[in-house]
Structures are given as structure tokens and as C-alpha cells.
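Peer 1: Residues 584 to 856 (my numbering) are what the sequence shown spells out, left to right.
Below you'll find the structure I mean.
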Amino acid sequence: MELFATSVSWNINRYCNYKCSYCTQQDDKLKGQDVSDFRPFLDAFRQLIGPIEVKISGGEPFLYPDFLQMCREMRERHFYISIVTNFSAQVENLFDFLDVVGDLLQVFSASLHLEYADPGEFLAKALQFKQKMAANSSFVVTSVASPRHLTELNKIGRIFLDHGVRFNLQPLKYHGSIITYTQKESEILNFFGGHNRTGKICNNFFGRPCKAGINYFVVGPTGDVWRCYQAKKERKEYLGNILQGSFMPYTEIHDCIYHYCPCTVPIERKMIL
Numbered sequence: 584m585e586l587f588a589t590s591v592s593w594n595i596n597r598y599c600n601y602k603c604s605y606c607t608q609q610d611d612k613l614k615g616q617d618v619s620d621f622r623p624f625l626d627a628f629r630q631l632i633g634p635i636e637v638k639i640s641g642g643e644p645f646l647y648p649d650f651l652q653m654c655r656e657m658r659e660r661h662f663y664i665s666i667v668t669n670f671s672a673q674v675e676n677l678f679d680f681l682d683v684v685g686d687l688l689q690v691f692s693a694s695l696h697l698e699y700a701d702p703g704e705f706l707a708k709a710l711q712f713k714q715k716m717a718a719n720s721s722f723v724v725t726s727v728a729s730p731r732h733l734t735e736l737n738k739i740g741r742i743f744l745d746h747g748v749r750f751n752l753q754p755l756k757y758h759g760s761i762i763t764y765t766q767k768e769s770e771i772l773n774f775f776g777g778h779n780r781t782g783k784i785c786n787n788f789f790g791r792p793c794k795a796g797i798n799y800f801v802v803g804p805t806g807d808v809w810r811c812y813q814a815k816k817e818r819k820e821y822l823g824n825i826l827q828g829s830f831m832p833y834t835e836i837h838d839c840i841y842h843y844c845p846c847t848v849p850i851e852r853k854m855i856l
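Structure, rendered in C-alpha cells:
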């Protein structure tokens, strides 16, 4: 994977067609709120140090009304694109997305939710989609490690791996903290690499220098910018609003001030020193 000068996690909407029992956004007051006009965001992102990766998430991004047009204009600006989706979009829409983004697609993360998706159909769709992706793009399936589904997910995950599909388990959080797993449950999570393939279920980088705030940001639908996802959750390290001209990134590397790191991008893009 290419290392980028700047990576942005951009939540473009809050609406999702799934209502999973373990969803961490169930009580989010912003649910249902979309980016009203994507172009000012793209113009603002263009001012960041490039090359630039924009990781699109929601809600469910494919439900955003102007999704494909937005992706076209991101490609015109030569932004690299990653995405997190529940993979419920029709195959034709998924293929249209691939046609639009081409080889600028970096990571396509498909979330498997057993409360809504059939694993066999999901795998067949994943293999069909993966075959059409550009060679430099990567595909990963992620599922929340709910204890009541964990035995089934262990079997499903191994089948996916046998078919050449990367499979991750994401620890379940309750009131913002990872739940306590039994030793047997922990072994299952660790078999699939732990959280974000760190080999650990709960990542704690407190006190370690992290480039989040300089090379990585979390941007919400209204333009508010936070250093990282944990900063957004704890309402710390707010960096301003990218649409209102108040956005001020850090100019020096800051130490992590959190005892839990849920962020995929800083970990996998090697931003934690």
C-alpha cells in the first residue's frame, strides 16, 4: 500500500439501511444528516499536503444521493480513495463505483453483519467484486466480534480466508469500551490478527508520538475536524471546521493522550511512532 502525505477519514452521511444491535451510532444525534454539498469539502481537501487519501464512510456511503458523482470529481482531483461499506449495494452499483475510481481505489472494506447478510451470498459477491478490482487495490471483510456470533464468525472467517479473502474481526464496544472476552473468544480474535492486525484486542498507544493531527484527520458531515476518532468521541483535540476556515492542523507531532486507539488508518499507515 502506498503511504500518503495526508489521509482523511470522511463521514459523508449518518444514514444506514441496517440497524445492527451492536451499532455504536444508534444514539448519534446526527443520524440522518448528509454532507449537503461535497464540492467545498473536495476543494478544502485539495489544500492539504498531497498525495491525499480520502477514506469514505458513513452511515452507508452508497446511500449518499450524489455518491458516484462525488467519486468522479475526487478522481478528477486525483485523490486516492478508500471506503467502508456494509456491501449491501447492488452488484451493478458496486461495479459502477469501480469503473469510476479505477486504480485510485486503495482499500475497499466490506462489513459483514450477520443480522442482515447471508455469509454465502456475501462471499460470492465479494469474489465477483474482488475479481474486477484493479490489481493495486485491496479488499477486506470486517465483522464485529459479537460473542453470540463469534463461533459462527470463526467458521465463516476461515472459509473466507480459504477463498483468498482477507477477514478481520473488530472487537465489540459497549459504552465506548471493548467488552471483556473469554480466553477462548480472545484466541479467535487473535487468530484473525486482533484489532487492525496488531495482534492485540485493545490497542493502547498512550504517550507515543502519533502523526494524527498532521497527516491524518477525521472530518464529519458538517465540516468539523478532529485529530482522530477517539478525539472525536472524547471531544478533545478539535481542530476547527474545514468549511468555515477555522481548521488548524497541528504543526508538530503530538503524543497520544488516549488509552484506547480505534483508528485503522494511523495504525496501518504507520503514523504511530
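Every residue, glycine too, gets a C-beta built ideally from N, C-alpha and C.
Taking the alpha carbon of I635 as the reference point, which residue from P804, F800, T763, Y812 has its own alpha carbon closest?
Peer 2: Among P804, F800, T763, Y812, the Cα nearest to that of I635 is on F800.
Peer 1: Give a yes or no on contact between the stretch 737-752 and the stretch 774-782, applying the rule of three or more CB pairs nearer than 8 Å.
Peer 2: Flag = yes, the stretch 737-752 and the stretch 774-782 touch.
Peer 1: Specify, as a first and last residue, the run of the beta strand (DSSP E) that T525 falls within.
Peer 2: The chain is shown only over 584 to 856; residue 525 falls outside these bounds and no answer can be derived.
Peer 1: I need the straight-line Cα distance from H661 to I632, nearest angstrom please.
Peer 2: The alpha-carbon atoms of H661 and I632 are separated by roughly 13 Å.
Peer 1: Report yes if the CB atom of F628 is closer than 8 Å to the CB atom of V637, and no otherwise.
Peer 2: Going by C-beta atoms, F628 is nearer than 8 Å to V637.
Peer 1: Count the CB pairs spanning the stretch 767-775 and the stretch 824-836 that are closer than 8 Å, and state whether there are at least three.
Peer 2: The stretch 767-775, when compared against the stretch 824-836, does not touch it at the 8 Å Cβ threshold.
Peer 1: Please determine if the stretch 668-677 and the stretch 591-604 are in contact, where contact requires at least 3 C-beta pairs separated by less than 8 Å.
Peer 2: Taking 8 Å as the limit for Cβ pairs, the verdict is that the stretch 591-604 does touch the stretch 668-677.
Peer 1: Would you mind listing the alpha helix (DSSP H) stretches within the stretch 689-715 that are 4+ residues and don't spill past its ends, in chain order?
Peer 2: Listed in chain order, they are 702-715.
Peer 1: Could you give the distance in angstroms between the alpha-carbon of H732 and the alpha-carbon of L697?
Peer 2: Their Cα atoms are separated by approximately 8 Å.
Peer 1: Helix or strand or just coil, what does DSSP make of C603?
Peer 2: Three-state DSSP puts C603 in coil, outside helix and strand.
Peer 1: What does D620 pair with, by DSSP beta-bridge criteria?
Peer 2: Answer by DSSP bridge pairing: none, since D620 is not bridged.
Peer 1: For V690 and V723, I'd like the C-alpha separation in whole angstroms.
Peer 2: For V690 and V723, the distance between alpha carbons rounds to 8 Å.
Peer 1: I believe I836 touches P792 by the beta-carbon criterion, under 8 Å. Please report the beta-carbon distance rounded to the nearest angstrom.
Peer 2: About 5 Å separates the two Cβ atoms, so the contact holds.
Peer 1: Would you kindly work out how many angstroms separate the C-alpha atoms of E704 and L736, rounded to a whole number?
Peer 2: Spanning the two alpha carbons is a distance of roughly 15 Å.
Peer 1: Which residue marks the beginning of the alpha helix (DSSP H) containing L733, and which one marks its end?
Peer 2: Where L733 is concerned, the enclosing alpha helix (DSSP H) stretches over 733-745.
Peer 1: How many angstroms separate the CA atom of I784 from the CA atom of C654?
Peer 2: Going from the Cα of I784 to the Cα of C654 covers about 33 Å.
Peer 1: Are the CB atoms of G642 and Y598 nearer to each other than 8 Å?
Peer 2: Yes, these two residues count as a Cβ contact at 8 Å.
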